[in-house]
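Residue numbers (our numbering): 621 to 731.
Beta carbons: idealized from backbone N, C-alpha and C, even for Gly.
All of these numbers come straight from a predicted model, not from anything done at the bench.
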């Protein structure tokens, strides 16, 4: 059985990380994303997911890392919602037929 050996580098790089209390208010504000920045990030992610769902796997302008599952989640959610709408419209059509009425506006609301 081979012996196991652990070695450490002779040179160690140490980085000082200041505590949050050491930052000025201006620095603290600059660290966090603004609401507009977050909305922009979300929009970019949704655009990338749309491209992924359309089959564009190259998305070279941005990383898709971490978004893989979202594409299938959105596809399943949209499919589920579509089925609910179809069932709702068919049920309303059946109800209207039984009452011998025709109200397309109700069907539009349901869909």
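- In this structure, residue 709 sits near residue 731, with a CB-CB distance shorter than 8 Å.
- Sequence-distant partners of residue 655 (beyond 5 residues in either direction) whose C-beta falls short of 7 Å from its own C-beta are missing from its chain.
- Taking a contact as a CB-CB distance under 8 Å, the pair residue 701 and residue 687 does not count as one, their CB atoms being some 20 Å apart.
- Straight-line measurement puts the Cα of residue 645 at about 49 Å from the Cα of residue 704.
- Linking residue 712 to residue 729 through their CA atoms gives a straight-line distance of about 11 Å.
- The alpha-carbon separation between residue 722 and residue 699 amounts to approximately 28 Å.
- When rounded, the separation of the alpha-carbon atoms in residue 697 and residue 669 is 14 Å.
- According to the DSSP assignment, residue 658 belongs to the alpha helix (DSSP H) that extends over 655 to 673.
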